[in-house]
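Down below is the structure, laid out as C-alpha cells.
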Amino acid sequence: MGFTSTLPLYSHTKIRPSKQSLRFEPLASDSGGRLVPYTTSFGTWRCYSRSKRLTVKAAYGAEGGARRRIYRQSQAEQPTSSAPVKQVASFVVPAGVFVAATFVLWKVVEKLLMPKPSRSSSVENKSPSQGLKWSFAPGTNLLSGFAAKIDRQSKQTLNEFAKELRAFSSVDMSGRNFGDEGLFFLAESLGYNKIVEEVSFAANGITAAGIKALDGVLQANIVLKTLNLSGNPIGDEGVKCLCDILVNNASIQKLQLNSVDLGDEGAKAIAELLKKNSTLRVLELNNNMIDYSGFTSLAGAFLENNTVRNLHLNGNYGGALGANALAKGLEGNKSLRELHLHGNSIGDEGVRSLLLGLSSHKGKITLLDLGNNSITAKGAFHVAEYIKKSKSLLWVNLYMNDIGDEGADKIADALKQNRAITTIDLGGNNIHAKGVSVIAEALKDNTIITNLELGYNPIGPDGAKALSEVLKFHGNVKTLKLGWCQIGPKGAEFIADMLRYNNTISMLDLRANGLKDEVCTCR
76 MGFTSTLPLY SHTKIRPSKQ SLRFEPLASD SGGRLVPYTT SFGTWRCYSR SKRLTVKAAY
136 GAEGGARRRI YRQSQAEQPT SSAPVKQVAS FVVPAGVFVA ATFVLWKVVE KLLMPKPSRS
196 SSVENKSPSQ GLKWSFAPGT NLLSGFAAKI DRQSKQTLNE FAKELRAFSS VDMSGRNFGD
256 EGLFFLAESL GYNKIVEEVS FAANGITAAG IKALDGVLQA NIVLKTLNLS GNPIGDEGVK
316 CLCDILVNNA SIQKLQLNSV DLGDEGAKAI AELLKKNSTL RVLELNNNMI DYSGFTSLAG
376 AFLENNTVRN LHLNGNYGGA LGANALAKGL EGNKSLRELH LHGNSIGDEG VRSLLLGLSS
436 HKGKITLLDL GNNSITAKGA FHVAEYIKKS KSLLWVNLYM NDIGDEGADK IADALKQNRA
496 ITTIDLGGNN IHAKGVSVIA EALKDNTIIT NLELGYNPIG PDGAKALSEV LKFHGNVKTL
556 KLGWCQIGPK GAEFIADMLR YNNTISMLDL RANGLKDEVC TCR
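All you need for our numbering is the position in the sequence shown, starting with 1, plus 75.
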C-alpha cells in the first residue's frame, strides 16, 4: 500500500483503536525491560498526540538513524508524575465498585433470608386487650371494640347467673346457651353452696367437656337435690363422666338426662352408678337411644338398687326384648313406684312379659305409662288382668295405642273390680260408641276415677249420648276430655243436658268437634 505524503514513514502519527497500549518499561533489577499495559483517557490521548507531532517536527532534518532513535525515545517517554496515579486508579476504581456492589447485595440477602428476631417474653405474654391496636382497614377498629363489648356483657351476664345460684333455692337457667365455658364459670357457685336445692342447666349447649366442670363441685355440695341437664348433647362420654362424679355425691335425689344423646354405653354407666348410689330417687332418661342392651343393664341394676322410685324411659328403643329384660329386673325390686315406658314399641308380647314381672314386683307400682306402644286388644287383655290384681295403681296411660272397642270392653270390666285408679287415659285408641258405652257403665258405680281422657276416639253423637246419660247422675269425674271425638252439634246437646245435672265436672274439653255456633243454643 502506498503513501501520498512526502514525509518519511516514521514521521506519520498512528492512531491506535484501543485506549490501552503496550509500553516498554525498564526494570530496576536488570537491564532488560517488560511490556506493561497502559491506559489513557480521551483527553490524555489528545495531549499525547499533540506532543508527538511537536517531537516529529523537531527531529525533522536530522540523520535517519538519529531520527529513528529520537522518535522511539519520544514515543517511550511519558510524564512521570501522572502515570502511577492513573495506573492505581485504573485498578482501585473497579475493585471499589465490586466491593460496594457485593456489600449491598449481601445486605439485601440478609434482610430477606435471616429470621426475624423473636420478641421478648413480655411482648409475647401481652394480651390482645392490652394497648391500642389500630388498623386502617374500614370497620376493623369498630369490630374489635364491638367484640370487647360483647365479652364484657357476657361476663356481666354470667355474674348475674352466679348471683342467682347463691340467692335462690330453685334456679332455672334453661335455654340460656352459655355452653361449656359458662358452666365452668358457674360451677364455682355450686361448690359449698348451702342455698340452692334445684337447678336446671337444660338446653345450654353443654357437651361432655363441660361436664368436667362439675367434678369436685358436686362432691362438695350437700344441699343440691335436683340437677337437670336435659337437652345438652353430652352423649355417652359425658354421662360416664357425670356418673363418676355422682358416685361420691350424697345429696342429689332427682337426675334429669332427657334428650342428651344417651346410648347403651351411657346406660351401662348409669347402671353402675345405681348399684353404688343410695340417694337417687328419680331418674329421667327420656328421648334417648337406649336399646335392648341398655335396658338389660338397667334391669340388672334394679336387682341391687332399692332407692329409685321413679324411672322414666319414654321415647327409647326398648322393644319387646327390652321390656322382658326390665321385667326380670323389677321382680326383685321393692322401691320402684312409677314406670314410664311411653313410645318404646314394646307391643303385645312386651306388655305381657312386663306385666307378669310387675305382678311379682314386691313394691307398689302407682303409675304405669304404656302409651304409644303398638298395643292392640290382645295386649289390653294383659293390662286389664294387671288392673284387676293391683291395689296400688293410681294412674294408667294407654294413650295412642289401638285397643279398639274389644280392648275397651276388657278395660271397662277391670275398672269395675278396681277401686284404686283415679286417672285413666284411653285417648287415640280407635274406640267407637260401643266401646264408650261399656266404659260409661263401669263409671256408674265408680267414685274413684276423677280424670277421664277419651280424646281422638271417633265416638260420634251416640257415644256422647251414652256417656252423658251415665255422668248426669253418676260417677265422680272432674276432668273430662272429649276433643276430636266427632260428636258434632247433636252430641253437644247431650253434653249440655248432662251439665245441667252434673255437679262434679270442673274441666271439659270439646275442641275440634265441629260444634260451630250451634253449641251456643244449648241450654
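Backbone N, C-alpha and C fix where the C-beta goes; we use that ideal spot for every residue, glycine too.
Annotated three-state conformation of Lys329 is strand, per DSSP.
In this structure Glu273 does not touch Lys315 by the C-beta definition: roughly 24 Å separates them, more than the 8 Å allowed. DSSP places Asn472 inside the beta strand (DSSP E), whose first and last residues are Trp470 to Asn472. Of the candidates Leu373, Val552, Ile297 and Asn391, Ile297 places its Cα closest to the Cα of Thr354.
Between the alpha carbons of Val335 and Pro533 lies a distance of about 37 Å. Excluding the 5 residues flanking it on each side, Gly266 has same chain C-beta neighbours closer than 6 Å at Val292 and Ala295, in chain order.
Asn352 is the residue among Asp319, Leu429 and Asn352 whose C-alpha sits nearest the C-alpha of Lys329. Thr441 counts as buried, since at least 16 other C-beta atoms from the protein chains shown sit within 10 angstroms of its C-beta. Only residues of its own chain outside the window of five on either side were considered, and among them Pro536 and Gly589 have a CB closer than 6 Å to the CB of Gly563, listed in chain order. Here Leu555 really is in contact with Leu583; their C-beta atoms are around 5 Å apart, less than 8 Å.
Within the same chain, Cβ atoms closer than 8 Å to the Cβ of Lys591 are found at Pro564, the five residues on either side in sequence being excluded. DSSP assignment within the segment 317–401 yields the following whole beta strand (DSSP E) runs of 3 residues or more, N-terminal first: 329–331, 357–359 and 385–387. Here Gly285 is not near Asn252, since their CB atoms are 8 Å or more apart.
A contact is defined here as three or more CB-CB pairs under 8 Å, and the segment 405–420 fails this definition with respect to the segment 456–466. Membership of His415 in the beta strand (DSSP E) is indicated by the continuous run Glu413 to His415.
The residues Phe370, Thr371 and Ala374, in chain order, have a CB closer than 6 Å to that of Ala400 in the same chain once the five nearest residues on each side in sequence are set aside.
Between the alpha carbons of Lys403 and Gly432 lies a gap of roughly 6 Å. Around the beta carbon of Leu180, fewer than 16 other beta carbons lie within 10 angstroms, which makes this residue exposed. Within the segment 402–452, the runs of beta strand (DSSP E) at least 3 residues long that lie entirely inside it are, in chain order, 413–415 and 442–444.
Distances from the CA of Ala495 to each of Ala288, Ile462 and Gly550 were compared; the closest alpha carbon is that of Ile462.
Collapsing the DSSP output to three states places Lys591 in coil.
According to the DSSP secondary-structure assignment, Lys466 is paired through a beta bridge with no residue. Within its own chain, the residues whose Cβ lies closer than 8 Å to the Cβ of Glu379, once the five positions on either side in sequence are excluded, are Leu349 and Lys350, listed in chain order.
About 14 Å separates the Cβ atoms of Ala455 and Ile421, ruling out a contact at the 8 Å cut-off. When the five nearest sequence neighbours on each side are left out, the beta carbons in the same chain lying within less than 6 Å of the beta carbon of Asn323 are those of Gln294, in order along the chain.
Annotation for Met582: the continuous beta strand (DSSP E) segment containing it runs Met582 to Asp584. In this model, Val552 and Trp470 are separated by some 14 Å (Cα to Cα). Each residue's CA atom was taken as its position, placing His387 and Leu289 some 24 Å apart.
Unbroken alpha helix (DSSP H) runs of no fewer than 4 residues, entirely contained in the segment 486–561, are found at 508–519 and 535–546, following chain order. The beta carbon of Lys547 sits closer than 7 Å to those of Met573, Tyr576 and Asn577, all from its chain and outside the five residues before and after it, given in chain order. When rounded, the separation of the alpha-carbon atoms in Ala242 and Val271 is 7 Å.
Scanning Val511, Ala508 and Leu490 for the CA closest to the CA of Ile524 turns up Leu490. Glu359 counts as buried, since no fewer than 16 other beta carbons sit within 10 angstroms of its beta carbon. Only residues of its own chain outside the window of five on either side were considered, and among them Lys329 and Asn385 have a CB closer than 6 Å to the CB of Val357, listed in chain order. Just so you know, the alpha carbons of Glu263 and Gly250 end up roughly 20 Å apart. DSSP, read as helix, strand or coil, puts Asn268 in coil.
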